[in-house]
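Participant: The structure under discussion is supplied below as structure tokens; questions concerning it will follow.
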Amino acid sequence: MNPCIEIHGLKKSFSDTVAVDGLELLVQPGEMFGLIGADGAGKTTTLRILCGLWHADEGEARVLGHDVRTEVHRIRRLIGYMPQKFSLYPDLTVAENLRFFSDLFQVRADEREQRLRRLLAFSRLGPFAGRQARALSGGMKQKLALSCTLIHTPQLLLLDEPTTGVDPVSRREFWDILNELRGEGVTILVTTPYMDEAAACDRIAFIHKGRLLTVSRPADIPSLYQGKLLEIKSRRNREIGRRLTASGRFDSVQIFGDCIHASARVDEEVMAAWVAELAAEEQEHLQIKVIPAGIEDVFVALLK
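Mapping of the sequence shown onto the numbering used here: residues 29 to 332, in sequence order.
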């Protein structure tokens, strides 16, 4: 089976800034594929090249078997692209926005209303079909944007941080919809800053400064971590974190929410003894336990 997306040696620069630097990537049909990286890693640039909005300086990219340089018009009929800021028409209702995009994608008149009804039901927006887009919540706007992206039944979705700024409940509902689409055989390439969303993907690619660091299934990610990882809880996380870093014994010390993650390539008993020594010096009780590395831990380690 041929890859749905095939990228080889892709490069793109803007003046003196290299956005994509020799990227290599394969996405298989039916996959939900996550693209993770810090701001400026090249995620958005990659998606825009794939949908033909920008041209690469070097390299090759094929989408559904078509060359992005020479067959962009064919590609656009087969894909749905949802940028970070999707342009809904605020004065139009939910249903009117869907009808507008169906006309834009030249959906046949005898199919339009059937697709509209299905998408309204699919996105749980049916009760709000007559509401203006400006009056929707952030989560509902994103569902409408996704529905507009789906109006022409694309084989591939390119989604650029589709739930950024959306409340947790709406994020979960949005991803429920994506999982349903995956179940129907739609291939999805999604960028996300949320590690829980990345964990829901079939495979994840970590990129940094336009280069691929690694590709892995979420279940295999802990095995990529070199060393042992401790979770430490303290009343003074930042101060304790600074002391752990200053000791020079740990490979990495990071604040994660209400705790500290400290790693080193030694046995956990040795690490725990180091932390206990610090706790005695600080005259503070520290909660310490060994934990498996998560996606964010591995990403931070790869950057080093």
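We put the beta carbon where it would ideally sit given N, CA and C, even for glycine.
Let's see if you can read the secondary structure: which residues bound the alpha helix (DSSP H) around Q170?
Facilitator: G166 to L178
Participant: Give the C-beta separation of D49 and K237 to the nearest angstrom, bearing in mind that I take them to be a contact with Cβ-Cβ under 8 Å.
Facilitator: 6 Å
Participant: Run the CB neighbour count on F234, radius 10 Å, all protein chains shown included, and call it buried at 16 or more, exposed below.
Facilitator: buried
Participant: Who are the Cβ neighbours of I77 in its own chain at under 8 Å, not counting the five residues just before and after it?
Facilitator: Taken in chain order, the residues that qualify are L38, K40, V48, H83, A84, A89 and V96.
Participant: From P57 to Q183, what distance separates their C-alpha atoms?
Facilitator: 9 Å
Participant: Assuming contact is defined by CB atoms lying nearer than 9 Å, are L144 and I179 in contact in what I supplied?
Facilitator: In this structure, I179 lies closer than 9 Å to L144 by Cβ.
Participant: Throw me the rounded Cβ distance for the G70 and I232 pair, which I believe falls under 8 Å.
Facilitator: In fact, because the Cβ distance is near 15 Å, the residues do not count as touching under 8 Å.
Participant: Could you check how far apart the C-beta atoms of R159 and V135 are, in whole angstroms? I think they sit under 8 Å.
Facilitator: That pair is no contact at about 22 Å.
Participant: Which residues in the same chain as S280 place their Cβ atom closer than 6 Å to its Cβ, once the five residues preceding and following it in sequence are excluded?
Facilitator: S291
Participant: Within the stretch 44-102, note down every full alpha helix (DSSP H) run reaching 4 residues or more, in order along the chain.
Facilitator: 71-78
Participant: So, do the stretch 286-301 and the stretch 212-221 have three or more beta carbon pairs nearer to each other than 8 Å?
Facilitator: no
Participant: Along the chain, where does the alpha helix (DSSP H) containing A274 start, and where does it finish?
Facilitator: N265 to A274
Participant: If we ignore side chains and look at the alpha-carbon of each, how far apart do R127 and S198 end up?
Facilitator: 24 Å
Participant: Work out the CA separation of A300 and V318 for me, nearest whole Å.
Facilitator: 9 Å
Participant: At which residue ranges does the stretch 206-257 contain complete alpha helix (DSSP H) runs of 4 or more residues, listed in the order of the chain?
Facilitator: 223-226
Participant: Within the same chain, show all residues whose beta-carbon is closer than 8 Å to that of A227, passing over the 5 residues directly before and after it, in chain order.
Facilitator: P246 and I323
Participant: Excluding sequence positions up to five away, which residues of its chain have a Cβ less than 6 Å from the Cβ of G154?
Facilitator: L148
Participant: If we ignore side chains and look at the alpha-carbon of each, how far apart do L258 and A329 end up?
Facilitator: As the crow flies, the alpha-carbon of L258 is around 14 Å from that of A329.
Participant: Identify which residue in T45, L54, H36 and D44 has its Cα closest to the Cα of M29.
Facilitator: It is L54.
Participant: Around the Cβ of D248, are there at least 16 other Cβ atoms within 10 angstroms (buried) or fewer (exposed)?
Facilitator: exposed
Participant: Is DSSP giving L148 helix, strand or coil here?
Facilitator: In this structure, DSSP gives L148 a helical state, which the three-state scheme calls helix.
Participant: Quick one: measure Cβ to Cβ for M60 and L206, integer angstroms, because I've assumed they're closer than 8 Å.
Facilitator: That belief holds up - the Cβ atoms of M60 and L206 are roughly 7 Å apart, short of 8 Å.
Participant: Using alpha carbons as the reference points, say which of C287, F327, A321 and R263 lies closest to V243.
Facilitator: F327
Participant: For the alpha helix (DSSP H) containing V338, list its first residue and its last residue.
Facilitator: The structure shown does not extend to residue 338, since the chain is modelled only from 29 through 332, so no value can be given for it.
Participant: Which residue marks the beginning of the beta strand (DSSP E) containing L153, and which one marks its end?
Facilitator: Per DSSP, L153 belongs to no beta strand (DSSP E) and is neither H nor E.
Participant: With DSSP as the reference, label E297 as helix, strand or coil.
Facilitator: In the three-state reduction of the DSSP assignment, E297 falls in the helix class, which pools H, G and I.
Participant: Compare the Cα-Cα distances from G193 to each of M168, T181 and S175 and report the closest residue.
Facilitator: M168
Participant: Can you give me the C-alpha to C-alpha distance between S130 and A137, rounded to a whole angstrom?
Facilitator: 9 Å
Participant: Looking only at its chain, what residues have a beta carbon closer than 7 Å to the beta carbon of I316, apart from the 5 residues adjacent to it on each side?
Facilitator: L258, I260, A300 and V303
Participant: Pull the bridge partners of V318 from the DSSP assignment, please.
Facilitator: L258
Participant: Might you give, ordered along the chain, the residues of its own chain that have their beta carbon closer than 8 Å to the beta carbon of Y117, omitting 5 neighbours on each side?
Facilitator: E124, N125, F128 and A161.
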